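Sequential numbering from 1 applies to the sequence shown in this note's numbering.
Using N, Cα and C, we set each Cβ at its ideal position, and we do this for glycine too.
None of the values given here were measured: they were computed from a predicted structure.
The next block holds one structure in the form of structure tokens; read it before the comments.
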Amino acid sequence: MYSFNYVRPASVAEAVAALADPDARPIAGGHTLIPTLKMRLARPSTLVDISRIPELKGIHRDGGAIGIGAATTHAEIARHPELRAKLPALARLAEGIGDAQVRHRGTIGGSLANNDPAADYPAAMLAIGATIVTNRRNIPADQYFTGLFSTALEQGEMITGIGFQIPDRSGYAKFEQRASRYALTGVFVAKSSGGVRVAVTGAGENGVFRSPELEAALAASFTPAAAAGVALSANGLMSDMHGSADYRAALIVAMAEQAVASAS
1 MYSFNYVRPA SVAEAVAALA DPDARPIAGG HTLIPTLKMR LARPSTLVDI
51 SRIPELKGIH RDGGAIGIGA ATTHAEIARH PELRAKLPAL ARLAEGIGDA
101 QVRHRGTIGG SLANNDPAAD YPAAMLAIGA TIVTNRRNIP ADQYFTGLFS
151 TALEQGEMIT GIGFQIPDRS GYAKFEQRAS RYALTGVFVA KSSGGVRVAV
201 TGAGENGVFR SPELEAALAA SFTPAAAAGV ALSANGLMSD MHGSADYRAA
251 LIVAMAEQAV ASAS
């Protein structure tokens with residue numbers, strides 16, 4: 001590690017002011033930033049701790065819509081009664097992230113800002129058509145995720161919350177890397193009055209993506225059998241030490257089957 005300044009703002013306005021410095025970085029759970037600091041892959045002049053800003057915490061429901069503060073932890077999402085009742089797929093997703101220590105420190109906003117290609121939340125947000133709320137604007141999920149560890153966030157812009165309409169049915173299934181519990185391949189499915197959306201994490205060369213083939217099949221019949229009948233190409237899928245592109249193509253279909261079977 002090396003020396004840096006540390007500030008803990010009390011409000012979003014104070015945080016935004018501190019982040020006006022291009023060498024400043026926000027930190028909440030720190031599960032990605034702290035290791036990169038240790039390896040000196042990141043060397044910010046200032047860490048801006050946003051984990052205790054009241055405006056960034058909490059989950060609220062307004063009719064058919066839910067809003068989640070950016071600094072809300074995975075554990076809080078996993079156990080929240082409204083989410084467990086109205087969107088259990090998201091609660092179960094949060095429950096399956098890392099271990100207890102990770103779930104009690106890591107935040108949904110941090111995960112979305114980092115946009116790890118094997119993270120769980122990006123698939124959920126893309127599938128349910130969420131809106132990423134920042135201090136400047138509202139960004140639809142379809143426009144937010146732009147590539148590996150890449151998002152539409154600009155310098156000085158920070159996520160303050162996430163909003164979405166509750167889908168009629170949704171489900172998530174992942175084949176996890178056992179040591180990290182990251183998704184080797186994960187599939188989130190959501191059905192609403194607007195149709196069916198299917199998002200895949202852990203498999204794409206460019207990060208999270210939607211599958212039009214699975215969406216078409218499940219729009220015709222929202223059943224595991226319909227998902228199983230889809231033949232996916234391995235083009236554009238990742239190959240690494242954990243699995244080939246062909247293997248991931250097969251996993252996408254298998255995880256889609258399981259996601260639909262678990263949908264509620």
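Exposed or buried, residue i, counting other C-beta atoms within 10 Å across all chains shown (16 or more means buried)?
i: residue 143; result: exposed
i: residue 51; result: buried
i: residue 146; result: exposed
i: residue 60; result: exposed
i: residue 191; result: buried
i: residue 171; result: buried
i: residue 54; result: exposed
i: residue 175; result: buried
i: residue 127; result: buried
i: residue 99; result: exposed
i: residue 5; result: exposed
i: residue 2; result: exposed
Where does residue i sit, in a helix, a strand or coil, going by DSSP?
i: residue 111; result: helix
i: residue 80; result: coil
i: residue 170; result: strand
i: residue 57; result: coil
i: residue 37; result: helix
i: residue 246; result: helix
i: residue 240; result: strand
i: residue 142; result: helix
i: residue 155; result: coil
i: residue 92; result: helix
i: residue 251; result: helix
i: residue 165; result: strand
i: residue 205; result: coil
i: residue 26; result: strand
i: residue 183; result: strand
i: residue 192; result: strand
i: residue 150; result: strand
i: residue 214; result: helix
In whole angstroms, give me the CA-to-CA distance for residue i and residue j.
i: residue 104; j: residue 76; result: 8 Å
i: residue 42; j: residue 204; result: 25 Å
i: residue 21; j: residue 156; result: 8 Å
i: residue 62; j: residue 123; result: 23 Å
i: residue 93; j: residue 31; result: 18 Å
i: residue 187; j: residue 16; result: 34 Å
i: residue 244; j: residue 253; result: 15 Å
i: residue 233; j: residue 10; result: 49 Å
i: residue 81; j: residue 39; result: 39 Å
i: residue 223; j: residue 27; result: 41 Å
i: residue 194; j: residue 169; result: 12 Å
i: residue 239; j: residue 14; result: 43 Å
Excluding sequence positions up to five away, which residues of its chain have a Cβ less than 7 Å from the Cβ of residue i?
i: residue 24; result: 18, 44, 45, 46 and 48
i: residue 8; result: 49 and 52
i: residue 218; result: 189, 196, 198, 226, 227 and 260
i: residue 150; result: 115
Which whole-angstrom value describes the C-beta separation of residue i and residue j, a residue pair presumed to lie in contact below a C-beta threshold of 8 Å?
i: residue 12; j: residue 160; result: 6 Å
i: residue 183; j: residue 207; result: Actually they are not in contact, since the Cβ atoms of residue 183 and residue 207 sit about 12 Å apart, beyond 8 Å.
i: residue 165; j: residue 242; result: Contact flag wrong, Cβ pair sits at about 34 Å.
i: residue 173; j: residue 262; result: 6 Å
For residue i, which residues of its own chain have a beta-carbon under 8 Å away from its beta-carbon, when the five flanking residues on both sides are left out?
i: residue 229; result: 217
i: residue 251; result: 175, 184, 185, 203 and 243
Kindly list the residues whose CB is nearer than 6 Å to the CB of residue i, restricted to its own chain and excluding five residues on each side of it in sequence; keep chain order.
i: residue 70; result: 56, 109, 159, 160 and 161
i: residue 95; result: 78
i: residue 236; result: 205
i: residue 58; result: 69
i: residue 265; result: An answer regarding residue 265 cannot be provided, because it is not within the stretch 1 to 264 covered by the chain.
Does the CB of residue i have a neighbour CB from chain B at under 8 Å?
i: residue 44; result: This model lacks chain B altogether; it includes just one protein chain.
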